[in-house]
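A short write-up of the structure that comes next.
Residue numbers (UniProt numbering): 1 to 204.
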């Protein structure tokens, strides 16, 4: 489990495609503190298992399902990525509950600079629209953000100076892909309502 609060901007050192899967090597010395093989690190919002730990880099295996459902397969050496270690049970939840299970790949449609912020308009796959709500939470490439508005096929977010400086979203140009994870609570509510299994609803 993660919070969507990026700890470090990492750099892709290698993406080795091995047929249907791949091995990804990332430079990220800050997130390696206390990290061992078998631990989880979110790379651009994707929960991955560390398989090797070096002095200042780590390796992860990326399975075909992950390559199919995320933008990780488009990375190249030198690309910057958002990194976050799994949250400790006794840690502070400063963002929102993020699983690292990407629901779809979106596209940055536009960015409008403000005085000290940027307003972004992000296109999303149609099936995700029912989970988006103004003032709701969404993880964009692993960054916990608040939705400022929703329209057909796109939603808005505003980036404060810290987010612009410390995440890949400050560097992203229109047309760039982003990994999207909607609020898991919304998915569970939908499932319960569809099954008619919300305790106390319709009963006395």
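We put the CB at the ideal spot given by N, CA and C, even for glycine.
The model shown is predicted, which means the values in this text are computed figures rather than measured ones.
Pull up the distance between the alpha-carbon of residue i and that of residue j, whole angstroms please.
i	j	result
residue 116	residue 169	15 Å
residue 152	residue 74	26 Å
residue 203	residue 193	With a pLDDT of 49 at residue 203, under the threshold of 50, the modelled position of that residue is not reliable, and the figure given next carries that caveat. Spanning the two alpha carbons is a distance of roughly 14 Å.
residue 78	residue 189	40 Å
residue 81	residue 196	41 Å
residue 155	residue 10	27 Å
residue 165	residue 177	19 Å
residue 42	residue 136	21 Å
residue 191	residue 141	25 Å
residue 172	residue 103	20 Å
residue 34	residue 167	22 Å
residue 40	residue 118	31 Å
residue 55	residue 38	16 Å
residue 84	residue 31	7 Å
residue 89	residue 44	22 Å
residue 138	residue 110	18 Å
Look at the Cβ atom of residue i, then the Cβ atom of residue j, and state whether they are nearer than 9 Å.
i	j	result
residue 114	residue 3	no
residue 72	residue 46	yes
residue 12	residue 26	yes
residue 61	residue 21	yes
residue 120	residue 128	no
residue 8	residue 28	yes
residue 143	residue 163	yes
residue 97	residue 157	no
residue 87	residue 179	no
Based on the DSSP output, what are the partners of residue i in its beta bridges?
i	result
residue 151	154
residue 104	180
residue 5	DSSP output for residue 5 lists no bridge partner at all.
residue 42	47, 84
residue 17	22
residue 65	Looking at the DSSP assignment, residue 65 forms no beta bridge with any residue, so it has no partner.
residue 138	145, 182
residue 98	2
residue 10	81
residue 111	120
residue 57	27
Pick from the options: whose alpha carbon is nearest that of residue i?
i	options	result
residue 147	61, 132, 163	132
residue 49	183, 100, 155, 159	100
residue 57	68, 64, 67, 23	23
residue 124	150, 85, 118	150
residue 63	54, 18, 106	18
residue 130	67, 187, 54	187
residue 247	122, 145, 65	With the chain covering 1 to 204 only, the question about residue 247 has no answer from this structure.
residue 160	126, 76, 112	112
Is the shortest distance between the beta-carbon of residue i and the beta-carbons of chain B less than 9 Å?
i	result
residue 109	Of the chains in the structure shown, none is chain B; there is only one protein chain.
Any heavy atom of the ligand MN closer than 8 Å to the CB of residue i?
i	result
residue 32	Looking at this structure, you won't find the ligand MN or any other ligand, since it has none at all.
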